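Trainee:
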Amino acid sequence: MNRYWTNQTIEAWEQARENGYLIGNSDFIWEEIRKEYHWMMRQMKKRMTQYSGEFPIWLWTEKPDLRRVGHFNGGTHAVSLEIEIPNEQVLLSDFDAWHCVLNDSFLALDEMEWEAFYRKELKMSKEESWERIFHFELLRESSWWASKPHLQGVSGKVDISHVRKVRQFIARGSKV
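With this note's numbering applied, the sequence shown covers 18 to 193.
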């Protein structure tokens with residue numbers, strides 16, 4: 018079992034307490050990135066034995082700084098949940114590399130590969146390159162991805178019995 022953190026709206030937390038578990042909610046996924054979420058869900062199905070097709074719950078391997086902006090729109094009443102769940106219930110990926118998926122971009126390891134892809138000289142598809150977000154050692158060997166990884170995780174379902182600590186907060190930042 019490992020420790021993770023997830024930030025959720027107070028409404029999502031109240032619903033989880035009623036249901037006995039927390040699951041992702043497709044209503045909160047922007048239409049522009051729905052395709053990328055479905056790609057991640059296919060990866061979860063492929064790589065996790067206990068995944069049943071739920072929308073992902075996003076997890077962090079490091080405790081989030083709730084004083085920072087960007088967790089939610091400013092003024093949102095939310096909770097930060099500290100959870101402990103079995104490793105097989107979490108699919109870890111590189112947060113920075115995930116942005117290649119979000120931006121619908123080829124995940125190149127260096128400039129030569131980037132240029133070769135766009136000259137159509139590679140047999141690897143853009144979607145195949147995205148699977149590199151799960152291969153931390155490969156990314157770290159690359160000069161383009163050599164910095165310390167910022168890991169994120171996804172899980173399909175988190176039973177509330179795995180919640181160890183609940184911290185309420187009001188999100189900072191602009192109200193949208």
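Even glycine gets a Cβ: it sits at the ideal position worked out from N, Cα and C. Predicted model, so just to flag it, every value in this text is computed and none were measured.
A133 to L168, Cα distance in whole Å?
Mentor: 28 Å
Trainee: So A133 is in the alpha helix (DSSP H); what residue range does that whole segment cover?
Mentor: Per DSSP, the continuous alpha helix (DSSP H) segment holding A133 begins and ends at E128 to Y135.
Trainee: Report all residues from its chain with a CB closer than 7 Å to the CB of A188; omit the five preceding and five following residues, and keep chain order.
Mentor: H88, F89, N90, G91, G92, T93 and A95
Trainee: Distance, Cα to Cα, F65 vs L108?
Mentor: Reading the sequence as shown, one finds Met at residue 65 and not Phe. Their Cα atoms are separated by approximately 7 Å.
Trainee: Look at T23 and I102 and say whether their C-beta atoms are less than 7 Å apart.
Mentor: no
Trainee: Mark G37 as exposed unless 16 or more other C-beta atoms lie within 10 angstroms of its C-beta, in which case mark it buried.
Mentor: exposed
Trainee: I'd like to check one pair, W147 with S124: are the Cβ atoms closer than 7 Å?
Mentor: Contrary to the premise, residue 124 reads as Leu rather than Ser in this sequence. Their beta carbons are under 7 Å apart, which means L124 touches W147 by this criterion.
Trainee: Between which residues of its own chain and E136 is the CB-CB distance below 7 Å, once the five residues before and five after are set aside?
Mentor: Before going further, note that residue 136 is Arg rather than Glu in the sequence given. If we look at R136 and ignore the five residues flanking it on each side, it has no Cβ neighbours.
Trainee: Helix, strand or coil, according to DSSP, for V2 in the structure here?
Mentor: With the chain covering 18 to 193 only, the question about residue 2 has no answer from this structure.
Trainee: Quick check on the DSSP output: the alpha helix (DSSP H) that includes K63 runs from which residue to which?
Mentor: R51 to R64
Trainee: For L156 and E138, I'd like the C-alpha separation in whole angstroms.
Mentor: 21 Å
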